[in-house]
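What the sequence shown shows, in UniProt numbering, is residues 1 to 523, in sequence order.
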Amino acid sequence: MSGYPPYGNQGGGYPPQYGGGNSGYPNYPQDNSFQQQPPMPGYNDNQSCASFYGTGAPPSNNMNYPPAPYDSYGGNPMSNPSYGMGGGNNYPPPPGGQPPPPMYGQPPQQFGGYGNSQYQPPYPQQPPPLQQFGGYGNAPPQPAYPQQPGPPPPGGMYPNIPGPSGFGQGGMPPFSNQPPGPPPQEQQSVLLASLENYQGTVFPFPTFNAEADCQGLRHAMQGAGTNERALIDIVANRSNFQRQHIKLTYKTMFGIDLVKQVGGELSGEFKEIISALFDAPATYEAWSLHKAMSSGKEGTLREILLTRTNAEIRAIVDTFKRTYNKDLEHEISHRVRGTDFKHMLISAVQANREELSPQQIQQARQMGIESVIDRNRARQDAEDLYKAGAGKFGTDEKTFNAIFARRSYYQLRATFEEYQRKHGKDIAQVIRSEFSGDAQDAYLVLISCIRDRPTFFAERIHKAVSGLGTRDSTLIRVIVTRSEIDLAQIKQRYQQLYNRSLAQDVGGDTSGDYKRILLSIVK
1 MSGYPPYGNQ GGGYPPQYGG GNSGYPNYPQ DNSFQQQPPM PGYNDNQSCA
51 SFYGTGAPPS NNMNYPPAPY DSYGGNPMSN PSYGMGGGNN YPPPPGGQPP
101 PPMYGQPPQQ FGGYGNSQYQ PPYPQQPPPL QQFGGYGNAP PQPAYPQQPG
151 PPPPGGMYPN IPGPSGFGQG GMPPFSNQPP GPPPQEQQSV LLASLENYQG
201 TVFPFPTFNA EADCQGLRHA MQGAGTNERA LIDIVANRSN FQRQHIKLTY
251 KTMFGIDLVK QVGGELSGEF KEIISALFDA PATYEAWSLH KAMSSGKEGT
301 LREILLTRTN AEIRAIVDTF KRTYNKDLEH EISHRVRGTD FKHMLISAVQ
351 ANREELSPQQ IQQARQMGIE SVIDRNRARQ DAEDLYKAGA GKFGTDEKTF
401 NAIFARRSYY QLRATFEEYQ RKHGKDIAQV IRSEFSGDAQ DAYLVLISCI
451 RDRPTFFAER IHKAVSGLGT RDSTLIRVIV TRSEIDLAQI KQRYQQLYNR
501 SLAQDVGGDT SGDYKRILLS IVK
């Protein structure tokens with residue numbers, strides 16, 4: 001990783017908890033025994049942040065998992081898969097390899113989602129029984145794997161934590177003002193609405209003990225100054241769900257809001273990323289959207305609203321309403337400029353895109369992706385797009401929006417193929433010919449994510465660290481929100497696109513504790 005010392009995440013040996021996406025949570029056995037707090041580590045300036053409190057294992061570099069009847073961790077509900085159906089995709093797959101062995105006491109791993117450019121051969125297992133969906137919002141029932149006994153300390157990127165946090169001052173992500181409630185309950189794993197294998201770089205800490213972590217954080221903030229490296233060791237090596245549990249436990253033990261206390265000790269970008277890591281993801285993204293609309297950051301609106309699943313968007317919309325007492329669609333209507341761009345965002349917040357059902361996923365794995373694609377509809381949509389654009393004078397923007405906003409990513413890939421086959425033009429060229437400004441950029445974001453989502457985020461990070469200065473909020477947002485979803489694949493695409501490691505460019509553009517925590521997440 002570019003020669004920088006590995007700050008944290010050097011120990012451990014547990015497998016990644018899910019194949020991709022945002023709410024496939026494994027469940028670990030309960031540990032009700034209080035662990036005595038170890039002594040505070042004393043760090044030298046050049047010493048690695050390998051904490052006494054433990055660090056998680058880095059992910060396997062072998063992302064192209066072979067087909068096999070893995071059992072445990074279900075995928076997460078994300079409809080933004082990366083690869084095509086044999087056409088329109090020039091991105092190389094990640095290197096091959098084997099998945100890591102299961103953790104002691106846990107069943108083997110189920111890789112339910114993303115990873116390479118070829119769809120997976122049939123999986124022999126039968127679909128599990130239907131059960132209420134456990135991720136964002138009020139999604140329709142989805143099949144789930146049986147829950148293991150004990151409370152679920154680990155978590156996905158977007159845990160189902162009830163209620164938004166209150167927001168802090170100074171442009172930082174929100175701090176929690178909520179009174180302590182019942183411990184956050186992690187949801188059962190569900191099947192992904194996709195077929196590729198994605199993997200994050202941050203995993204649940206296998207011997208997680210919230211009370212021990214709270215004691216460690218309290219010691220790190222005692223006395224003159226803060227032991228930032230001890231803080232990094234704990235925060236960067238716990239899943240988002242585990243951080244939510246730490247926040248609640250800290251307030252229960254000491255009667256103090258942890259994030260406010262940490263925020264009072266820190267400043268600048270380091271404070272911003274710590275606050276972002278401690279926020280429930282829907283809360284952080286609602287805050288990001290509110291800030292973007294206040295400052296005219298259309299790129300942030302595109303990045304969030306055009307790349308998330310229906311369930312994720314529902315959670316963001318609900319959190320935005322509770323936090324600001326404002327309707328997100330109403331805010332978009334009154335704050336966003338450009339009619340076509342505004343219509344695209346309003347369509348997105350309806351969270352009504354077609355997504356593969358669990359039965360369709362199983363069918364695609366057994367019979368191939370063509371079994372869940374409607375080729376006749378793809379041909380008709382391709383022809384409608386042609387008649388709405390290149391085949392007429394002017395552009396029928398409503399037809400473009402209707403097809404791009406409603407069809408599933410897999411169906412849109414088929415539409416792009418049919419358009420290329422019949423009219424000999426790539427859909428991105430069509431968009432550049434028919435649209436301009438923010439609307440053109442929005443359609444190109446959609447096309448990029450439909451074809452290869454990790455590449456979109458790799459390019460987004462590259463723009464943030466290139467040129468004069470660093471777009472720190474963009475860098476923080478992408479790395480934090482993708483850290484438990486597909487950051488491993490983003491790293492691979494970054495290397496392929498720019499012939500430099502992501503850690504090398506991130507480390508070269510940042511410094512101090514801010515650099516250390518970013519590299520602890522990127523690994």
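Where is the CB? At the ideal position from N, CA and C, for every residue including glycine.
Judged by their CB atoms, A488 and L475 are not nearer to each other than the 8 Å cut-off. Here M344 carries a helix assignment [DSSP, helix/strand/coil].
Taking the CA atoms as reference points, L217 sits about 9 Å from Y250. When DSSP states are grouped into helix, strand and coil, D438 belongs to the helix group. About 27 Å separates the Cβ atoms of M293 and V262, ruling out a contact at the 8 Å cut-off. Here A224 carries a coil assignment [DSSP, helix/strand/coil]. Distances from the alpha-carbon of H423 to those of A388, I521 and E383 put E383 closest. A direct Cα-to-Cα measurement between F320 and R335 gives close to 15 Å. C-alpha of Y409 to C-alpha of E228: approximately 42 Å in a straight line. Contact between R238 and F205 is confirmed by a C-beta separation of about 5 Å, below the 8 Å threshold. Minimum Cα-Cα distance from G296 among the listed residues I332, G268, G264 and Y324 corresponds to I332.
For R471, the CB contacts under 6 Å within the same chain, skipping 5 residues up- and downstream, are A464 in chain order.
I316 carries a helical assignment under DSSP once its states are collapsed to helix, strand and coil. The Cβ atoms of I313 and E329 lie no closer than 8 Å to each other. For A503, the secondary structure class from DSSP, reduced to helix, strand or coil, is helix. For E331, the secondary structure class from DSSP, reduced to helix, strand or coil, is helix. Contact between the stretch 358-367 and the stretch 398-405 is not established, with fewer than three Cβ pairs separated by less than 8 Å. If only complete runs of 4 or more residues are kept, the stretch 384-448 shows the alpha helix (DSSP H) at 397-406, 409-423 and 427-434, in order along the chain.
Contact between the stretch 338-355 and the stretch 369-384 is absent: fewer than three C-beta pairs spanning the two stretches fall below 8 Å. By the neighbour-count criterion, in which 16 or more other beta carbons inside 10 Å mark a residue as buried, D257 falls on the buried side. Collapsing the DSSP output to three states places D486 in coil. Between R421 and T415, the C-beta spacing is not below 8 Å. By the C-beta density criterion, L305 is buried, having at least 16 other C-beta atoms within 10 angstroms.
Secondary structure note for P204: it is in no alpha helix (DSSP H), with a DSSP letter that is neither H nor E. The continuous alpha helix (DSSP H) containing Y284 extends over residues P281 to S295. In the assembly as shown, S520 is a buried residue. Its beta-carbon has 16 or more other beta-carbons within 10 Å.
If the five residues before and after G225 are omitted, its C-beta is found closer than 7 Å to no C-beta atom of its own chain.
In terms of Cβ geometry, A388 and D396 form a close pair [threshold 8 Å].
In this structure, DSSP gives I373 a state outside helix and strand, which the three-state scheme calls coil. Taking C-beta separations shorter than 7 Å and ignoring five residues to either side along the sequence, the partners of D426 in its chain run Q420, following chain order.
In the three-state reduction of the DSSP assignment, R451 falls in the helix class.
If you ignore the 5 residues before and after D438, its C-beta comes within less than 6 Å of the C-beta of E298, G338 and F341, all in its own chain and listed in chain order. Counting C-beta atoms within 10 angstroms of its own C-beta, F393 has fewer than 16 neighbours from the protein chains shown and is therefore classed as exposed.
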